[in-house]
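A quick write-up on the structure given underneath.
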């Protein structure tokens with residue numbers, strides 16, 4: 014980074030509060046009491062992020078008489094569900110390309126199920142009056158290098174060949190800059206219906222209220238400590254009590270699963286984001302961002318960015334930090350060197366906004382798996398179900414995951430449980446120090462590919478053949 018650019022980036026961060034923008038909201042609900050004593054229920058949901066909240070809500074929608082308890086280690090939405098960029102995508106496969114590479118024979122069905130899932134989220138927002146700034150404005154994947162233009166054109170052509178290009182629009186340089194004006198933009202593909210923007214913390218808090226209204230009993234500051242079989246059901250111990258349940262759904266994602274054999278399928282990576290102060294009318298006019306789409310560039314180390322309800326720009330991504338041993342800790346929630354990098358990249362993208370300052374800077378852990386999209390399974394002879402590995406695209410896909418877990422717990426054969434995606438598992442990550450070395454080499458190789466016209470080295474080609482992945 015050039016000294017002048019570094020100085021300007023640092024100045025823009027001088028007032029940034031080290032807290033997630035979404036969670037610093039005066040409307041944040043108070044914490045509910047912790048569980049004490051023994052609770053009994055039909056279904057226990059462990060985890061108060063999107064995965065657990067959607068599962069509890071769907072369980073009550075399927076059977077209003079079902080007795081459902083949800084426990085959360087801290088407060089609903091405090092982790093990844095309240096710290097993300099607020100992109101709610103229809104894709105269940107972490108994008109078209111990843112789905113095509115892994116499940117070409119069922120990609121059409123996966124795309125259809127993803128669209129139906131996003132429609133159902135939009136319907137739930139209306140039905141339960143979830144005040145979460147939901148805007149189905151779509152997302153533009155933008156090219157910032159010539160090779161990325163070619164890749165986007167190839168992706169669009171392949172989607173069109175498969176009859177999956179409905180709602181997609183290929184944009185040349187002038188067309189994409191007419192939507193959002195950056196001198197770095199060379200082209201793009203606008204998915205007009207497949208992505209919604211929303212306030213992620215408000216969505217979590219709204220789902221919490223909706224669950225309570227349907228009779229779900231929620232206990233916060235109540236971590237599940239261990240899981241054991243108890244007669245025909247299951248028991249989960251908590252600090253001040255326990256829950257006895259006929260069935261258990263685990264939505265713990267980045268945190269260590271209560272089913273220990275699942276843990277080696279995921280690793281935590283840390284993602285970071287900034288939000289600016291609100292843009293003035295003149296600043297908005299300078300970038301022309303009238304249609305409020307989400308955006309993401311097409312590099313391996315990519316950025317995602319969007320407009321908030323009060324006209325701030327959220328700018329995140331690029332770095333994906335893995336810590337040796339895969340531990341999740343609060344000290345990793347902030348990384349000033351990444352904030353500096355993000356700020357410098359922001360002004361490279363939008364030089365017309367020089368002088369704009371950042372109001373918030375934060376990070377958080379994402380559970381990633383080697384295939385980049387969720388995996389599912391059961392334990393304890395079908396009494397426990399889990400979904401994990403959403404890899405940063407969980408705002409929408411977690412609702413689908415909740416449906417899958419409920420199908421599995423019911424022992425039902427459905428169009429979801431028959432999917433190869435649901436029936437198969439990703440390759441597990443190796444033990445340390447191999448995982449740390451392998452992830453480090455992969456990150457270095459991805460950065461080199463970004464610098465060399467997208468050309469992938471032997472290591473990345475080998476990873477591709479093995480079906481392993483890791484990006485920002």
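Numbering (our numbering), first residue to last: 14 to 485.
Backbone N, C-alpha and C fix where the C-beta goes; we use that ideal spot for every residue, glycine too.
Nearest to residue 207 by alpha carbon, out of 180, 215, 233 and 184? When C-alpha distances from residue 207 are compared across 180, 215, 233 and 184, the shortest belongs to 180.
Could you spell out the range, first to last residue, of the alpha helix (DSSP H) harbouring residue 25? Unbroken alpha helix (DSSP H) run through residue 25: 16 to 25.
Using a Cβ-Cβ cut-off of 6 Å (strictly less than) and excluding sequence neighbours within five positions of residue 18, which residues of its own chain qualify? Same-chain partners within the cutoff: 357.
Beta-ladder partner(s) of residue 30, from DSSP: Residue pairing for residue 30: DSSP places it in a beta bridge opposite 373.
Reduced DSSP secondary structure (H/G/I, E/B, other) of residue 211: Here residue 211 sits in coil by DSSP.
Can you round the beta-carbon distance between residue 153 and residue 308 to whole angstroms, since I take them to be within the 8 Å contact cut? Going by Cβ atoms, the distance from residue 153 to residue 308 rounds to 5 Å, so yes, they are a contact pair.
Simplified DSSP state of residue 44, which is helix, strand or coil: DSSP places residue 44 in coil when its eight states are reduced to three.
Just mark residue 67 as buried or exposed, buried being the case when its beta carbon has 16 or more other beta carbons within 10 Å. A residue is called buried once 16 or more other Cβ atoms fall within 10 Å of its Cβ, and residue 67 is buried on that count.
What is the residue span of the alpha helix (DSSP H) that residue 68 lies within? Here the alpha helix (DSSP H) through residue 68 covers 63 to 75.
With a threshold of 16 other CB atoms inside 10 Å of the CB of residue 24, please say whether the residue is buried or exposed. The residue is exposed, with fewer than 16 neighbouring Cβ atoms inside 10 Å.
If distances are taken between C-alpha atoms only, which option among 143, 47 and 33 comes closest to residue 98? Put simply, of 143, 47 and 33 the residue whose alpha carbon is nearest the alpha carbon of residue 98 is 33.
Does residue 100 come out as helix, strand or coil in the three-state DSSP assignment? Three-state DSSP puts residue 100 in a strand.
Contact the segment 176 to 194 vs the segment 67 to 78: 3+ CB pairs below 8 Å: When C-beta atoms of the segment 176 to 194 are compared with those of the segment 67 to 78, fewer than three pairs fall below 8 Å, so the two segments do not count as touching.
Counted within 10 angstroms of its Cβ, other Cβ atoms place residue 281 as buried (16 or more) or exposed: Residue 281 comes out buried.
Residues near residue 199 by beta carbon distance below 6 Å, same chain, minus five either side: Same-chain partners within the cutoff: 156, 162 and 186.
Going by other Cβ atoms of all chains shown within 10 Å of its Cβ, with 16 needed for buried, is residue 463 buried or exposed? Counting Cβ neighbours within 10 Å, residue 463 comes out buried, since at least 16 surround it.
Measuring CB to CB, does residue 58 end up less than 8 Å from residue 262? Going by beta carbons, residue 58 and residue 262 fall inside the 8 Å limit.
Who does residue 398 pair with in a DSSP beta bridge? Answer by DSSP bridge pairing, in chain order: 262 and 391.
Inter-residue spacing [alpha-carbon to alpha-carbon] between residue 205 and residue 50: Looking at the two C-alpha atoms, the distance is approximately 50 Å.
Any idea which residues DSSP pairs residue 357 with across the strands? Note: residue 357 sits in no beta bridge, so no partner.
So what's residue 53 in DSSP terms, helix, strand or just coil? It is a strand residue.
Going by DSSP, what residue range makes up the alpha helix (DSSP H) through residue 447? Its alpha helix (DSSP H) spans residues 447 to 464.
In three-state terms, what does DSSP make of residue 328? DSSP places residue 328 in strand when its eight states are reduced to three.
Check residue 201 in the structure and name its three-state DSSP category. Collapsing the DSSP output to three states places residue 201 in a strand.
Between the CA atoms of residue 381 and residue 234 - distance to the nearest angstrom: Rounded to the nearest angstrom, the gap between the Cα atoms of residue 234 and residue 381 is 25 Å.
Suppose contacts are defined by Cβ-Cβ distances below 8 Å. Is residue 22 in contact with residue 353 by that definition? In this structure, residue 22 sits near residue 353, with a CB-CB distance shorter than 8 Å.
Within a Cβ cutoff of 7 Å, which residues of the same chain sit near residue 441, ignoring the five residues on either side of it in sequence? Scanning its chain for C-beta atoms nearer than 7 Å, with the 5 sequence neighbours on each side dropped, one finds around residue 441 the residues 277 and 278, in chain order.
Closest to residue 317 by CA distance: which of 334, 335, 286 and 295 is it? Of the candidates 334, 335, 286 and 295, 286 places its Cα closest to the Cα of residue 317.
Count the C-beta pairs between the segment 452 to 467 and the segment 311 to 325 that are closer than 8 Å, then say yes if the count reaches three, no if not. Verdict: yes, contact present.
Expressed to the nearest angstrom, what Euclidean distance is found between the alpha-carbon atoms of residue 248 and residue 422? About 16 Å.
Please report the straight-line C-alpha distance between residue 250 and residue 257, rounded to a whole angstrom. Straight-line spacing of the CA atoms in residue 250 and residue 257 works out to 9 Å.
Proximity of residue 296 and residue 355 at Cβ, strictly below 8 Å: No. Outside cutoff.
Between 95, 27 and 116, which has its C-alpha nearest residue 437's C-alpha? Answer by Cα proximity: 116.
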